[in-house]
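S.K.: If you scroll down you'll find the structure; I have some questions about it.
In the UniProt record's numbering, the protein residues as written are 1 to 287.
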């Protein structure tokens with residue numbers, strides 16, 4: 001089946017490596033419901049990350065109380081949490097970027113949690129700009145030294161980072177899809193997740209197309225998107241998955257038989273995604 005690749009254009013394939021074992025080490029086997037998913041022409045038994053239960057997402061009540069007391073005066077100034085999974089910028093590693101205004105520390109617990117998934121953090125750096133402190137990690141698989149290719153493991157990385165953010169920054173609960181459901185600080189008002197889905201596809205040279213998606217975030221979304229794309233035999237070659245609060249923003253390089261998607265296939269893909277996501281849609285993307 002097709003998989004994410006580096007920006008250099010070398011196609012990657014999802015391997016048959018038992019990535020689900022790595023995922024279970026973090027979220028717990030009891031929280032995962034097995035199912036069969038078809039990626040392209042390959043049937044694989046994978047875990048349904050949409051069925052995470054409350055027991056998998058425990059946060060520290062003491063942290064919640066401390067943060068609630070410390071930030072009561074500026075609760076309306078909680079920054080938007082951002083988690084980016086980037087497969088394009090580094091040919092040898094998966095890049096993870098986390099931003100939460102100026103509230104994030106060294107994220108040592110996050111790096112340790114990633115190591116529990118069978119991953120190595122090969123380098124990390126921090127930079128500041130107007131949006132806050134950006135923490136970037138370059139991640140490889142511990143057993144091979146290669147970047148992460150399996151969408152299930154990529155989703156586990158994303159959920160691990162978000163879960164760790166909820167644990168140490170519970171004030172972010174109402175701004176994250178997972179936190180709105182499971183955070184220890186429930187939203188003071190009903191969280192509006194009625195985010196319009198936007199899908200657009202355009203040519204990116206003769207050999208691939210660029211697919212943009214914006215939609216309401218939810219656990220397991222990355223895996224499900226790759227599945228629906230692969231089910232119509234379109235290859236996902238590389239991409240970026242951004243979690244911006246309750247919004248998911250996706251950029252995938254896709255191809256069909258090593259060529260850019262022709263217009264009829266672009267329409268089929270866009271319609272399939274809109275049907276799956278079941279949200280109001282437009283033809284334009286805000287990327």
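The beta-carbon is built from N, C-alpha and C at its ideal position, and this holds for glycine as well.
Run through DSSP, which three-state label would residue 179 get?
M.R.: Helix.
S.K.: Using 10 angstroms around the beta-carbon of residue 249, count the other beta-carbons present and answer buried if the total reaches 16, otherwise exposed.
M.R.: Buried.
S.K.: Between 244, 166 and 256, which has its C-alpha nearest residue 235's C-alpha?
M.R.: Ranking 244, 166 and 256 by Cα distance to residue 235 puts 256 first.
S.K.: Which word fits residue 145, buried or exposed, when buried means at least 16 other C-beta atoms lie within 10 angstroms of its C-beta?
M.R.: Exposed, by the Cβ-count rule.
S.K.: Could you have a look at residue 326 and say whether DSSP puts it in helix, strand or coil?
M.R.: This structure cannot settle anything about residue 326, because the visible part of the chain is limited to 1 through 287.
S.K.: Could you round the C-beta distance between residue 174 and residue 166 to whole angstroms and report it? I think they count as a contact, below 8 Å.
M.R.: The Cβ separation is near 11 Å, so there is no contact.
S.K.: With a threshold of 8 Å, are at least 3 pairs of Cβ atoms found where one atom belongs to the segment 92–102 and the other to the segment 124–138?
M.R.: Yes, the segment 92–102 is in contact with the segment 124–138.
S.K.: For residue 220, which of 243, 92 and 116 has the nearest alpha-carbon?
M.R.: It is 243.
S.K.: Which stretch, first to last residue, makes up the alpha helix (DSSP H) that contains residue 270?
M.R.: It spans 263–277 - the alpha helix (DSSP H) in which residue 270 sits, taken as one unbroken run.
S.K.: Is it buried or exposed, residue 205, if we count other Cβ atoms within 10 angstroms and call 16 or more buried?
M.R.: When all chains shown are included, residue 205 counts as exposed.
S.K.: Looking at the structure shown, is residue 160 part of a helix, part of a strand, or coil, going by DSSP?
M.R.: Correct three-state label for residue 160: helix.
S.K.: Inspect the beta-carbon positions of residue 253 and residue 238 and report whether they are closer than 8 Å.
M.R.: Yes; because the gap between Cβ atoms is below 8 Å, this pair is in contact.
S.K.: Any idea if residue 131 is buried or exposed, counting beta-carbon neighbours within 10 angstroms, 16 or more meaning buried?
M.R.: Exposed, since its Cβ has fewer than 16 Cβ neighbours within 10 Å.
S.K.: Is the beta carbon of residue 215 closer than 8 Å to that of residue 161?
M.R.: Their beta carbons are not under 8 Å apart, which means residue 161 does not touch residue 215 by this criterion.
S.K.: Contact check, residue 117 vs residue 176 under 8 Å by CB: the rounded distance?
M.R.: Not quite, the Cβ-Cβ distance comes to about 19 Å (not below 8 Å), so this is no contact.
S.K.: Return the chain-ordered ranges of every beta strand (DSSP E) run that is complete within the segment 91–142 and spans a minimum of 3 residues.
M.R.: Qualifying beta strand (DSSP E) stretches, in chain order: 94–99, 119–129 and 132–141.
S.K.: My guess is that residue 260 and residue 217 are in contact by the Cβ rule of under 8 Å, so how many angstroms apart are they, rounded?
M.R.: With 8 Å as the limit, residue 260 and residue 217 do not qualify as a contact, their Cβ atoms being about 28 Å apart.
S.K.: Please say whether residue 155 and residue 104 have beta carbons closer to each other than 8 Å?
M.R.: For residue 104 and residue 155, no; Cβs fall outside 8 Å.
S.K.: Apart from the five residues on each side of it in sequence, which residues of its chain come closer than 7 Å, Cβ to Cβ, to residue 128?
M.R.: Answer for residue 128: no residue qualifies.
S.K.: Alpha carbon to alpha carbon, how far is residue 140 from residue 22? Give it in angstroms, no decimals.
M.R.: The pLDDT assigned to residue 22 is 37, lower than 50, so where the model puts this residue is not dependable, and the model offers no usable value.
S.K.: Using DSSP's beta-bridge definition, name the partner residues of residue 85.
M.R.: DSSP lists 96 and 241 as partners of residue 85.
S.K.: Quick one: grab the DSSP three-state call for residue 211.
M.R.: In this structure, residue 211 counts as strand in the three-state DSSP scheme.
S.K.: What are the start and end residues of the beta strand (DSSP E) that includes residue 223?
M.R.: Element bounds for residue 223: not the beta strand (DSSP E) but the alpha helix (DSSP H), 221–230.
S.K.: What separation, rounded to the nearest whole angstrom, lies between the Cα atoms of residue 108 and residue 79?
M.R.: Cα to Cα, the separation comes out at about 21 Å.
S.K.: DSSP three-state label for residue 25, please.
M.R.: Caution is warranted here: a pLDDT of 37 is assigned to residue 25, below 50, making its placement in the model unreliable, and no coordinate value can be reported.
S.K.: Compare the Cα-Cα distances from residue 106 to each of 142, 164, 86 and 212 and report the closest residue.
M.R.: Here the closest residue by C-alpha is 164.
S.K.: Can you tell me where the beta strand (DSSP E) holding residue 253 begins and where it ends?
M.R.: Note, residue 253: beta strand (DSSP E), 247–255.
S.K.: If you follow the beta strand (DSSP E) that residue 197 is in, where does it begin and where does it stop?
M.R.: From DSSP, the beta strand (DSSP E) with residue 197 extends over 197–203.
S.K.: Can you find the residues in the same chain that come closer than 8 Å, C-beta to C-beta, to residue 94, ignoring five residues on each side of it along the sequence?
M.R.: Cβ neighbours of residue 94 beyond the five flanking positions: 85, 86, 87, 138, 139, 140, 147, 148, 154 and 157.
S.K.: Residues in its own chain within less than 6 Å of residue 241 by CB, not counting five upstream and five downstream?
M.R.: The residues are 85, 222 and 250.
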